[in-house]
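When the letters of the sequence shown are read in order and numbered with our numbering, they come out as residues 144 to 665.
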Amino acid sequence: MQGESCRHHPGCSESPDGAGLFHRSILSGQMRRLTVGPDAAHKVAIMFTLHRQRGAALLVTATLLMASSLQATNGMLMTSYGTRYMGMGGATLAIGGSVMDLESNPSNLTRLDDAIFEAGLSLMAPQLTYRDKFYPGNSDLSYNNSVRSEPSLFPLPYIGYAAPINDRMAWGVSFYAQGGMGAEFDGILRTTPNGGTLNQLFQGLAGDPTLTLPLIGDLRQIRERTYSNLAFVKTTFGLSYQLTNALHVGVGVDVGAAQMKWEWTFKDPGGFMTMPGAGYRYESDTAYGMAGKVGLVYEITENWAASYAYTGRTNLRFDGKMSVNEGDPRYFLKPTVSMNMGYPDKHGVGVAYDNKKGLIVGLTYSRINWASVMNTIEFDLSAPYVTMPGGLVTNRLAFNMKWRDQNVYAVGVEYRPDTVAYRIGYNYGTNPVTSAGVNPLFPAITTHHASLGLGLRFDRLDVDFAVEHAFLSTVKGDTMSDWTVLHALYSFDANGIKNPYMNYEVSMQQTIFSIGIKHRSE
């Protein structure tokens with residue numbers, strides 16, 4: 144598709160009179176419930192095309208956000224970076240003392256007394272559930288799904304070094320998983336595109352009315368599988384300067400690298416045989432992007448400090464190849480594919496209180512501008528392999544994510560009476576994912592997070608532990624969301640077009656365990 148994407152329905156070109164192809168397809172009856180007949184193959188292809196066009200876009204959306212195979216918690220960002228900071232809920236913008244200040248506020252580097260080396264590993268265990276109900280008025284075509292994502296445990300490393308240069312300057316470098324998204328759901332049952340049996344479906348596709356499938360031929364359902372994974376890591380170089388006894392400023396440069404992979408396929412209900420001409424498989428090359436950041440900390444008194452930090456937007460261009468209409472020999476060659484996405488810019492302010500007797504309290508507020516990067520995503524193929532309803536072909540997939548900007552509030556406490564530190568934190572982020580954009584492939588929907596931490600000090604070595612839990616969150620999909628339209632069958636009744644009843648929801652919770660070490664040099 145060469146024209147602009149329809150603002151109402153992704154993958155649809157605007158016609159000169161303002162009526163999108165999507166709408167004209169409905170009005171012309173091209174999306175009605177298909178019946179099996181002599182031209183069944185063509186009709187089945189049309190319905191599968193609708194599924195492919197919308198599903199690929201939605202799937203890619205999910206795949207866009209998966210840093211080191213992780214499930215991010217503030218949208219596609221982590222609530223915190225570094226084990227100590229995780230134990231305090233990420234409320235550390237004005238606290239300092241870690242190489243992971245390079246991620247959040249590099250001005251804290253000049254507050255270090257010694258050079259530090261820091262490394263750690265977090266293990267993330269997400270739990271996701273997708274549920275939907277579909278009642279078209281015919282019990283033979285109804286289905287009810289409740290599917291959990293495949294069990295996963297994702298490792299998230301970080302490592303860095305920071306040191307003073309002189310009495311007023313310090314530098315540092317760190318490598319870490321920035322954030323992202325991904326999920327795998329297998330076993331979602333759907334009604335066949337034409338509502339007929341698998342025998343009728345394959346007879347139409349093969350053009351052979353005598354073709355029969357043993358054991359499964361009389362079934363009217365197919366099995367949907369979705370898989371997505373985006374790995375996004377960053378290396379940050381930072382420099383800090385102490386302008387006055389109270390004011391510290393810092394700058395940083397982020398160099399990011401990302402890879403993306405996603406699949407969307409259909410099989411028979413047992414999962415043994417892939418449906419021909421109805422699958423997508425995509426894998427990208429490595430995408431690179433850069434961004435800058437600035438920060439400052441003002442030490443108001445000996446006990447109080449305030450801070451501000453800004454991180455710029457990272458633009459990433461994903462080039463790769465895609466298998467389209469898998470199993471169809473006409474699409475044997477994989478076209479090259481490009482897609483542009485961005486990691487959002489964010490502002491943060493924080494305050495911290497340190498009584499110099501072991502008690503530290505931090506408060507942080509962040510504004511993450513998701514709407515500017517996650518409103519509409521476009522996928523461009525090198526060949527017009529995507530067939531629109533009605534037979535038109537296009538090389539472009541455009542769809543709406545409809546994310547909104549996010550406000551994040553965090554509070555954290557550390558108490559170190561001796562060589563043992565006790566930490567607790569809470570992080571709340573408004574949900575950037577809307578009901579119009581939510582789908583099981585992109586469940587970045589957790590909002591409430593609580594954390595606990597423990598630190599052990601051995602001379603110049605600190606060993607830190609933390610656990611964070613994101614509480615169960617559920618978002619119900621809109622009745623006219625892309626995901627609903629993708630999976631609803633349309634038919635005509637006496638009053639016109641009827642959209643059968645369908646609803647769905649996505650639930651998510653997760654737990655993260657983290658361990659880190661920090662060595663202070665003399």
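Even for Gly, the Cβ is constructed at its ideal location relative to N, Cα and C.
Thinking just about the alpha-carbon of each residue, which of Val618, Lys619, Met645 is nearest to the one in Leu629? Met645
If Ala448 and Val440 are in contact, beta carbons under 8 Å, what's the gap, nearest whole angstrom? 6 Å
Can you find at least 3 beta carbon pairs, one from the region 509-519 and one from the region 594-610, that sit closer than 8 Å? no
Leaving aside the five residues before and after Ile331 along the sequence, list all residues of the same chain whose C-beta is less than 6 Å from its C-beta, in chain order. Asn288, Val290, Glu367
Output the distance between the C-alpha atoms of Asn468 and Phe277, rounded to the nearest integer angstrom. 25 Å
Cβ neighbour criterion (16 or more within 10 Å) applied to Arg311: exposed
Spatial neighbours of Tyr647 within its chain, please: C-beta separation below 6 Å, excluding the five flanking residues on both sides. Asp275, Gly620
In the region 553-588, which residue ranges form an unbroken beta strand (DSSP E) of at least 3 residues, counting only runs that do not cross its ends? 563-572
With C-beta atoms as the reference, is Ala262 less than 9 Å away from Phe656? no
Identify every run of the beta strand (DSSP E) within the region 248-306, keeping only runs that are complete inside it and at least 3 residues long; order them along the chain. 259-278, 286-291
Candidates Asp244, Pro249, Phe297, Arg333: which alpha carbon is nearest Ser285's? Arg333
For Arg547, which residues of its own chain have a beta-carbon under 7 Å away from its beta-carbon, when the five flanking residues on both sides are left out? Trp513, Ala514, Pro575, Thr577
Go through the region 340-393 residue by residue and report every complete run of the alpha helix (DSSP H) that reaches 4 residues or more, in order. 341-349
Taking DSSP's pairing of strands, which residues face Leu595 in a bridge? Ile567, Val610
Between which two residues does the beta strand (DSSP E) harbouring Asp523 extend? 519-524
Can you tell me which of Ser509, Thr353, Phe542 puts its alpha carbon nearest to the alpha carbon of Phe522? Phe542
Here's the rule: buried if 16 or more other CB atoms are within 10 angstroms of the residue's CB, otherwise exposed. What is Asn498? exposed
Is Val649 helix, strand or coil when you go by DSSP? strand
Per DSSP, what kind of secondary structure is Asn337 in: helix, strand or coil? coil
Measure from the alpha carbon of Pro307 to the alpha carbon of each residue in Asn251, Gly555, Asn372, then state which is nearest. Asn251
Is there a Cβ of chain D sitting closer than 9 Å to that of Glu665, yes or no? Going by chain labels, chain D is absent from the structure shown, which holds only one protein chain.
Can you check DSSP and say which residues form a bridge with Lys661? Glu261, Asp605
Does the distance from the CB of Gly322 to the CB of Met243 come in under 9 Å? no
DSSP-derived helix/strand/coil call for Thr654: strand
Alpha carbon of Arg227 to alpha carbon of Ile259, nearest angstrom: 14 Å
Buried or exposed by the 16-neighbour rule on C-beta atoms within 10 Å, applied to Ser282: exposed
Quick one: Cα of Glu426 to Cα of Met418, how far? 20 Å
Is it buried or exposed for Gly501, if we count other Cβ within 10 angstroms and need 16 for buried? exposed
Roughly how many whole angstroms lie between the Cα atoms of Gly393 and Pro249? 5 Å
In whole angstroms, what is the alpha-carbon distance linking Lys477 and Phe409? 19 Å
Contact under 9 Å by Cβ, Leu597 with Tyr565: yes
Count the other C-beta atoms from every protein chain shown that fall within 10 angstroms of the C-beta of Leu296, then say buried if there are 16 or more, exposed otherwise. exposed
DSSP state of Tyr528 mapped onto helix, strand, coil: coil
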